[in-house]
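A short write-up of the structure that comes next.
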Amino acid sequence: MVFKCQEDSYIKEFCSTVINCEPTNESIIEYGKASKFEGYQIILENTILFPAGGGQPHDIGWLNNTEVVQVIRKGEDAVHFTREPLEVGTNVTQRINWERRFDHMQQHSGQHLLSAILENEQNLVTTSWWLGAYESYIELDSTNVSPMVLENTEKRCNELIREAIPVCVKFCKADDPSLDVAHTRGLPKDCTEIIRTICIKGVDENLCCGTHVSNLSQLQSIKLLGMEAGKKGKTNVRFLVGNRVLGVFQSMLDREKALTGLLKNEPSKHEELVQKLQKNLKITNKNLQNVLSELAQFEVDKIKSTNPTPMYVFINKKEATPEFNRIICKGLEKEGTFVFSCSEETDRPKEGQIIVQGLQIY
Ligand SMILES: [Zn+2]
Numbered sequence: 018m019v020f021k022c023q024e025d026s027y028i029k030e031f032c033s034t035v036i037n038c039e040p041t042n043e044s045i046i047e048y049g050k051a052s053k054f055e056g057y058q059i060i061l062e063n064t065i066l067f068p069a070g071g072g073q074p075h076d077i078g079w080l081n082n083t084e085v086v087q088v089i090r091k092g093e094d095a096v097h098f099t100r101e102p103l104e105v106g107t108n109v110t111q112r113i114n115w116e117r118r119f120d121h122m123q124q125h126s127g128q129h130l131l132s133a134i135l136e137n138e139q140n141l142v143t144t145s146w147w148l149g150a151y152e153s154y155i156e157l158d159s160t161n162v163s164p165m166v167l168e169n170t171e172k173r174c175n176e177l178i179r180e181a182i183p184v185c186v187k188f189c190k191a192d193d194p195s196l197d198v199a200h201t202r203g204l205p206k207d208c209t210e211i212i213r214t215i216c217i218k219g220v221d222e223n224l225c226c227g228t229h230v231s232n233l234s235q236l237q238s239i240k241l242l243g244m245e246a247g248k249k250g251k252t253n254v255r256f257l258v259g260n261r262v263l264g265v266f267q268s269m270l271d272r273e274k275a276l277t278g279l280l281k282n283e284p285s286k287h288e289e290l291v292q293k294l295q296k297n298l299k300i301t302n303k304n305l306q307n308v309l310s311e312l313a314q315f316e317v318d319k320i321k322s323t324n325p326t327p328m329y330v331f332i333n334k335k336e337a338t339p340e341f342n343r344i345i346c347k348g349l350e351k352e353g354t355f356v357f358s359c360s361e362e363t364d365r366p367k368e369g370q371i372i373v374q375g376l377q378i379y
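18 is the number of the first residue of the sequence shown in our numbering; add one for each residue after it.
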């Protein structure tokens, strides 16, 4: 079945009738993380709420005032998960959480564009993709991807976004000869009868069940975040599209502002200042170690010079290092003095070290 959301991704409100409602305890899966759920599964005659599929997460929204927390595809049906039941035969107004849906449209259409440019211009084929809560990635069928390739690809994608190229949805039968030019990447196994193709005019045609923007200009921009080795023979390229680019840019600005406040200098000096701080910290730590070692030797000499030699000593030094304890124990090992020493880890306040040393009694 072709759902209303697949015919037109921009419908934000739609009326339909409840045709089935039954209790469920199936899990909710949100960006790959499952959580327990108890409620109802509702099927409607048609829906504008996209059921998860083809790499795109599900929509959320409302049926009248009843919240929809997940939509999944079961065979030909889109199943809406709600906490309250709705009576079969009821006409409901569906409303969509548009902010979330439009974000998914930007990431998904951005992925089509990115994969198309990498394949058409760099001969790098996408084998998988993932839309995450914060960033997305495509998996390329190669381990030979240079930073220059990514730089050129990002530039090319943003050029095409500025050219405001139309994106359209086509429907055809599985045996339609025009399908020869389309890729099968990302096609769900249960899409067999009516085939849906997403066309970026003059750039790409791709079989897909997801919801897409109608023009590349709606992507605003694409930013590639970097790449890392993936599964055997693969490379994962991380990316952001549209509002996510602005969101991440804002949080980077906030972090930079906080660092400027702490380091009391302009952002271009941050790296240099942190390097200086790290160097100074290393020297300070080394000096502290030396002072503590000297202090340990001083403690040993003081105990040894006491007459008579004490039967036991108790040392509680918060900042004592393993080297401090070693000097104490080594220095008193032949004196017959019972040593009980404890210290605290500087970075883990509730953890520490206790050392007990004494003569073995037979
Ligand atoms: Zn797709």
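C-beta atoms are modelled at their ideal positions from N, C-alpha and C, and glycine is treated no differently.
TODO: Could you tell me whether any non-hydrogen atom of ligand 1 is closer than 7 angstroms to the CB of GLY227?
DONE: yes
Task: contact_flag[the stretch 172-192, the stretch 220-240] where n(CB pairs < 8 angstroms) is 3 or more - done: yes
TODO: Verify whether the separation of the beta carbon atoms of VAL186 and ARG213 is less than 8 angstroms.
DONE: yes
Open item on the list: Given the structure, does HIS121 come close to ligand 1, in the sense that its CB is under 7 angstroms from one of the ligand's heavy atoms?
Closed with: Result no, Cβ not under 7 angstroms from ligand 1.
Open item on the list: DSSP has GLU222 in a bridge; who is on the other side?
Closed with: Per DSSP, CYS216.
TODO: Use the C-beta contact count for ASN333: other C-beta atoms within 10 angstroms, 16 or more gives buried, fewer gives exposed.
DONE: Residue environment for ASN333: exposed (fewer than 16 other C-beta atoms within 10 angstroms of its C-beta).
Open item on the list: What I want to know is whether the C-beta of HIS75 ends up closer than 7 angstroms to one or more non-hydrogen atoms of ligand 1.
Closed with: Set against 7 angstroms, the gap from the CB of HIS75 to the closest heavy atom of ligand 1 is not smaller.
Task: Extent of the continuous alpha helix (DSSP H) to which SER132 belongs - done: 115-139
Open item on the list: DSSP three-state label for PHE315, please.
Closed with: helix
- [ ] Measure the alpha-carbon distance for ILE372 versus SER44 and round it to whole angstroms.
- [x] 50 angstroms
TODO: Assign LEU204 to one of three DSSP states: helix, strand, or coil.
DONE: Below a pLDDT of 50, predicted positions are generally treated as unreliable, and LEU204, at 48, falls in that range; the measurement from the model is reported next regardless. Note: LEU204 maps to coil in three-state DSSP.
Open item on the list: Assuming GLN374 is part of the alpha helix (DSSP H), what are its boundary residues?
Closed with: No alpha helix (DSSP H) holds GLN374; the beta strand (DSSP E) holding it covers 369-374.
Task: Reduced DSSP secondary structure (H/G/I, E/B, other) of PHE67 - done: Here DSSP, grouped into helix, strand and coil, assigns PHE67 to coil.
Open item on the list: Would you say the beta carbon of ASN223 is closer than 7 angstroms to some non-hydrogen atom of ligand 1?
Closed with: yes
TODO: Starting from THR170, trace the alpha helix (DSSP H) both ways and give me its first and last residue.
DONE: 164-179
- [ ] With a 10 Å radius around its C-beta and 16 neighbouring C-beta atoms as the bar for buried, classify ARG261 as buried or exposed.
- [x] buried
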